[in-house]
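First comes the structure, then the notes that go with it.
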């Protein structure tokens with residue numbers, strides 16, 4: 055039973071870190087989109103920021119919980 059709680063704890067921590075990173079990326083992307091104007095380049099930069107933030111969130115989790 056403790057293994058189930060440990061897996062649930064890891065999942066919650068993973069979800070929190072990835073969601074936080076994506077949220078920061080979305081916020082930064084929206085700021086870029088807002089201040090650069092509604093152009094295609096601004097949209098591409100905003101999408102790239104969200105993807106980069108999601109990648110950072112996944113890497114952050116993997117560094118905290120390495121596979122053994």
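Numbering (our numbering), first residue to last: 55 to 122.
From the three backbone atoms N, C-alpha and C, an ideal C-beta is built for every residue, glycine too.
Computed from a predicted model, the values in this text were never measured in an experiment.
Taking the C-beta atoms as reference points, residue 112 is found no nearer than 8 Å to residue 100. Beyond the five residues adjoining it in sequence on each side, residue 97 comes within less than 8 Å, by CB distance, of 87 in the same chain, given in chain order. Residue nearest to residue 106 within the set 76, 64, 69 is 76 (criterion: CA-CA distance). Non-local beta-carbon contacts of residue 84 in its own chain, meaning distances under 8 Å to residues more than five positions away in sequence, involve 100 in chain order. By the Cβ-count criterion, residue 67 is exposed, with fewer than 16 other Cβ atoms from all chains shown falling within 10 Å of its own Cβ.
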